[in-house]
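Notes for the one structure printed next.
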Amino acid sequence: MSRKAELTIKFLVIGGGIAGLACAIALRRVGHRVVVLEQYSDIDISKMSHGGIRLPPNVSKVLFHWGLERALRQVSITSSAIEVKIYETGEFIGKHYWKEEALRETGGDFLFLHACIISSPRITLISSFHPACQSPASTTAVSVSGDGPRVTLTTGETLLADVIVGADGHSSIVQQAIVGKDVIDAAPYQSLFYNTTVPGALMRADPQLAPFFKQPVETTFVWLGNNRSAVAFRMGGKDEFALHLWVRPMQKGLSDDDCWGGGLELKDMRRQLGECEPKLLKITKLAATPACVQVKMVPPIEDWVDEHGRMVIIGEAAHPLPAGSLQGGAMAVEDAAVFAKLFSHLRNRDQISTFLHAFQDLREDRCASVMHTEQCNLYFQMMPAGPRQEQCNQEMRARTAQGESVFGISEASEQWEQLKDLWGYDADNEVDDWWVKWGLLRERAKQRSIAMETEMNTARLRSLYMRA
Ligand SMILES: Cc1cc2nc3c(=O)[nH]c(=O)nc-3n(C[C@H](O)[C@H](O)[C@H](O)COP(=O)(O)OP(=O)(O)OC[C@H]3O[C@@H](n4cnc5c(N)ncnc54)[C@H](O)[C@@H]3O)c2cc1C
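Each residue of the sequence shown is one higher than the one before, counting from 3 in my numbering.
Structure, rendered in structure tokens:
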């Protein structure tokens, strides 16, 4: 059972993506009132969700803890291996298996599912189990202010709340209101990310592609290339294969594509493929209409909380990861878990601003470090051809020849320790530590100063009374 807040307040969450929905669920669990404002309808969102999403152990663990394990497992596939190939030739470089006992230590699993299942507000897996997200149909916020705090809608209507949460992704209006500019929009893009799916039946019907479905364990396929990379995996929920493709655009005129929902012509994606192994080429020929999003390396955003201490950004709006990152959804759900745990301690309104600032303090280093790791991973996946890339490939080939993990990850390795830190993150522990070290101290100091003030007032009254 989660601890319920002594004081219940109203939150307006702008954005019904993973961050907004997770935040609504988590806040409801600790007793707060939440309204989610989402600009798109469920049908629009499910049409706009073009591909697969990967949930690493640190996020599946939180969702399991919220009672969603059975539901999630019904619509997802658990992956326990990675196969690495060379993008241009298809050469097999090696494999890595996640050991069950090792994953158990983290408390979660690698779950792969269709993005529409997790990102649509009312048909979503999450909200169907937690009707936490009362969202008026397709509501767009046009302006926000921490003074009020208030949100103005396209209809001209103004909504008031105790706290506004900006879970409105990139081009976040809440981020712009806090920081004063659109940080993400202003950053240059380095590559393009294409997101699509391939019908499972079509792949199984092709003798060259059918083996992708006949692995002894569910496998993620990664192609490492010269300025290009691809990742493919089976998803739960639909009989489809997800395909993620990153390219440094060689061709001008395609750089304006930047929308998860923007249905592109398949030929636009295929034009960017460059030299690529025959199986990958075949997969892309069978693919559905892709979406294309710009991949940006955005420096950490300094302010997540507004000057009034009543408005905050979370998820992609606060710490944008490169598009297609493994940890994108995970960071959003961790944010929600930390945020709600802090607000489970709410006893009076004075604490609101402290909790919003504590949220940033607790999350910013973790998110910056994950952002850095994801940027490095992407660099590794699409390293330009040259001596460095060749050396990395040789090292992987050598490990495979010795029967080792392609990445050199063993339970005794330093990488495994780092992964355990990454996946073993426990939002509740983080907040409990903060509460014991700072939150309680602050409460006690406040109570002491109230007691001192009362004592002084009593003494003042007594002396006035004596004089009279
Ligand atoms: C339609 C869509 C499809 C996606 N598909 C995939 C996928 O297939 N694979 C993958 O790895 N990642 C996908 N992502 C990205 C992934 O969801 C995010 O990277 C990550 O999970 C962080 O989520 P978020 O909730 O912080 O932001 P987002 O997922 O960007 O959600 C922000 C939400 O806020 C809403 N919003 C923005 N401004 C306003 C406003 N002014 N008023 C009301 N609502 C507003 C948006 O419509 C959106 O639903 C998708 C994102 C979207 C929006």
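Note that the Cβ used here is the ideal one computed from N, Cα and C, for glycine as well.
query, result
"Ile354 beta carbon near ligand 1 (any heavy atom closer than 7 Å)", "no"
"Status (buried if at least 16 other CB within 10 Å, exposed otherwise) for Thr456", "exposed"
"Helix, strand or coil at His347 according to DSSP, with G and I counted as helix", "coil"
"Where the alpha helix (DSSP H) containing Trp102 begins and where it ends", "This sequence places Glu at residue 102; Trp is not what is there. Here the alpha helix (DSSP H) through Glu102 covers Glu102 to Thr108."
"Secondary structure of Lys183, DSSP reduced to three states", "coil"
"heavy atom of ligand 1 below 7 Å from Thr160 C-beta", "no"
"Cβ distance (whole Å) where Ser355 is taken to contact Gly311 below 8 Å", "3 Å"
"Counterpart residues of Ile88 in DSSP-defined beta bridges", "Leu226"
"Between the CA atoms of Arg450 and His132 - distance to the nearest angstrom", "Any answer about His132 is weak, because its pLDDT of 49 lies below 50 and its placement is not dependable; what the coordinates show is given next. Taking the straight line from one Cα to the other gives about 40 Å."
"DSSP beta-bridge partners of Arg236", "Phe243"
"beta-carbon Glu8 near ligand 1 non-hydrogen atom, thresh 7 Å", "no"
"Opposing strand residues paired with Gly168 [DSSP bridges]", "Ile16 and Ile315"
"Straight-line gap, Met398 to Thr198 (C-alpha atoms, nearest Å)", "28 Å"
"Closer than 7 Å: Thr222 CB and nearest ligand 1 heavy atom", "no"
"Alpha helix (DSSP H) runs wholly inside the segment 409 to 438, at least 4 long, in chain order", "416 to 425 and 429 to 436"
"Contact under 8 Å by Cβ, Ala342 with Arg31", "yes"
"Tyr303 in three-state terms, based on DSSP", "It should be pointed out that residue 303 corresponds to Ile in this sequence rather than to Tyr. In this structure, Ile303 counts as coil in the three-state DSSP scheme."
"Counterpart residues of Ile79 in DSSP-defined beta bridges", "Phe114"
"Distance cut-off 7 Å: Gln41 Cβ against heavy atoms of ligand 1", "yes"
"Per DSSP, cross-strand counterpart(s) of Ala143", "Leu155"
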